[in-house]
Structure formats: C-alpha cells, structure tokens
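Working notes, beginning with the structure itself.
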Amino acid sequence: EPEVTQTPSHQVTQMGQEVILRCVPISNHLYFYWYRQILGQKVEFLVSFYNNEISEKSEIFDDQFSVERPDGSNFTLKIRSTKLEDSAMYFCASSPFPGQGDSNQPQHFGDGTRLSIL
Amino acid sequence: DQQVKQNSPSLSVQEGRISILNCDYTNSMFDYFLWYKKYPAEGPTFLISISSIKDKNEDGRFTVFLNKSAKHLSLHIVPSQPGDSAVYFCLGGNDKIIFGKGTRLHILP
Chain D
1 EPEVTQTPSH QVTQMGQEVI LRCVPISNHL YFYWYRQILG QKVEFLVSFY NNEISEKSEI
61 FDDQFSVERP DGSNFTLKIR STKLEDSAMY FCASSPFPGQ GDSNQPQHFG DGTRLSIL
Chain E
1 DQQVKQNSPS LSVQEGRISI LNCDYTNSMF DYFLWYKKYP AEGPTFLISI SSIKDKNEDG
61 RFTVFLNKSA KHLSLHIVPS QPGDSAVYFC LGGNDKIIFG KGTRLHILP
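Read top to bottom, the protein sequences are chains D and E.
Position 4, counted from 1, in the first sequence is what our numbering calls 4; the numbers after and before it change by one each time, with no gaps.
Position 76, counted from 1, in the second sequence is what our numbering calls 76; the numbers after and before it change by one each time, with no gaps.
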C-alpha cells in the first residue's frame, strides 16, 4: 500500500536556525497537510495545500512557517528561525480530495519528524 | 478551543471483550467524523469514518455510532485484540479536521 514518507525521522537544530522538514506524499494525491503534536498535547492542524498554494492555515502557522512543493514529489515545511516551542512531532498527510466525507478517501499520515530545538 | 473532546485519557479492556471509546463534540457544523489509531513512533492511521447524516457505520470489528442530539460518538471494537493497544483519536471534519486529545487503549491478556 502506498505510504507517505517523511525525512528525517529526528531533526535536532539550534534555536534561531532554519529547518526544513521533508515529505513525499502518495503519488496520486492532490491535497497536502502539515500537523504538529507537542509532547503531551493533541495533534494540531497547521496548513493545507492544493494546486501550489495554501488553502487553509491555522493561527499557529505564522510568518515563520512556509510550505512548498518544489517538484512533483516533495512537500516541505520550512521554519525560518526556530524557537524552543517549535519542538514537536510534525506530521505530513495527503489525500486525493479535500476533507474526508467519503470513508474511502481519508488523509494518509506519515510517521512524523521529531523536531528538537536546543 | 476544544471542539472535539475525549474525556477518558486511558482505558483498559480484557482481550476478547468489547472496547468502547467515547467522544463528545461541540461544533454542529462537522460534516463527518473519523477515528484514527496511533502507535508510538508512527503517524495516525485511519480506522473508520461516519458521515453526519448517518448514525452508525460498521467495518469488521469496528463500529462507530453517532448521536447527533447528544453530540456524542463512540467507537466499539469487538472482540478486542492485543494489536488494538494504541492511542485512538476522534476527529471532526468539514474544511479541515480537528483532533481530540486521544484515548490510550490497553488490551489486557
């Protein structure tokens, strides 16, 4: 079964540095998402992306965050100047269609990148 | 802003018995609800969904019940198996999906 893959599995970065988290969505999917989960807290939506532009973003997704689909396969999340509070698991997801009204078209998640800011 | 609430952080169930995971929501605009399962060090995986126009959806050992008047849904797993030990997330969706905090299910031998 096709999978969403995320690299690296663990990223350690100094505070203030830029970090790029990479995701390869499932190849025929058109909608892409980033979520994060701070340790001990719930999974939070960050941003959705379709047709090379952001379709929706949360309050968390401020000017320090950006997303890009630089080629036909990768979907990246960049944090420009990392803060200690950016430490979290970051999950990428993709789906063929927006939303999930059809039980056969759920969002598929990668295994996450653990980002540790020192 | 807790639009989706899972009030039980953990649940222990004997293998072979029924596991019932509960979820309450406040946003009556959700079009659908989903349950995801998550193992440590892995991303959430989709289990089952239900449209807001239905009150029950069944898939093998998993059944989701939706009570719109009570704004409550539940996931029933029967019979429970050791591999069901995981964190279960209830999600509500319209334009985007909102996660609950999760319930850790332990299946006891």
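Ideal Cβ positions, reconstructed from N, Cα and C, are used throughout, including at glycine.
None of the values given here were measured: they were computed from a predicted structure.
Neighbourhood of D122(D) by C-beta distance below 7 Å, restricted to the same chain and skipping five residues each side: The structure shown does not extend to residue 122(D), since chain D is modelled only from 1 to 118, so the question has no answer here.
Members of the region 55 to 68 of chain E near chain D, C-beta cut-off 9 Å: N57, D59
Of the listed residues F33(E), S10(E), P9(E), nearest to V64(E) (C-alpha basis): Position 64 of the second sequence holds residue 64(E). Cα-wise, what sits closest to V64(E) is F33(E).
8 Å Cβ cutoff, A41(E) in contact with chain D: Numbered from its first residue, the second sequence carries residue 41(E) at position 41. Yes - at least one Cβ of chain D is within 8 Å of the one on A41(E).
Under 8 Å between C-beta atoms of K71(E) and S8(E): For the purposes of this step, residue 71(E) is identified with residue 71 of the second sequence, where counting begins at 1. For the purposes of this step, residue 8(E) is identified with residue 8 of the second sequence, where counting begins at 1. In this structure, S8(E) does not lie closer than 8 Å to K71(E) by Cβ.
Interface residues of chain D facing G151(E) [CB-CB closer than 7 Å]: Outside the shown range of chain E (1 to 109) lies residue 151(E), about which nothing can therefore be said.
Contacting residues, own chain, Cβ-Cβ under 6 Å from V87(E) (five flanking each side not counted): By one-based count along the second sequence, residue 87(E) stands at place 87. Cβ within range, chain order: K38, G102, R104.
C-alpha gap between R17(E) and K5(E), whole angstroms: In the second sequence, counting from the first residue as 1, residue 17(E) sits at position 17. In the second sequence, counting from the first residue as 1, residue 5(E) sits at position 5. For R17(E) and K5(E), the distance between alpha carbons rounds to 24 Å.
M89(D) burial status per 10 Å Cβ neighbour count (16 or more: buried): For the purposes of this step, residue 89(D) is taken as residue 89 along the first sequence, with counting starting at 1. So M89(D) counts as buried.
P44(E) classed as buried or exposed, judged by whether at least 16 other C-beta atoms fall within 10 angstroms: For this step, residue 44(E) is matched to residue 44 along the second sequence. Counting Cβ neighbours within 10 Å, P44(E) comes out buried, since at least 16 surround it.
Pairwise C-alpha distance: V12(D) and F24(E): To locate residue 24(E), count along the second sequence from 1; it is residue 24. To locate residue 12(D), count along the first sequence from 1; it is residue 12. Going by the sequence as given, residue 24(E) is Asp instead of Phe. Using only the alpha carbons, I get a separation of about 37 Å.
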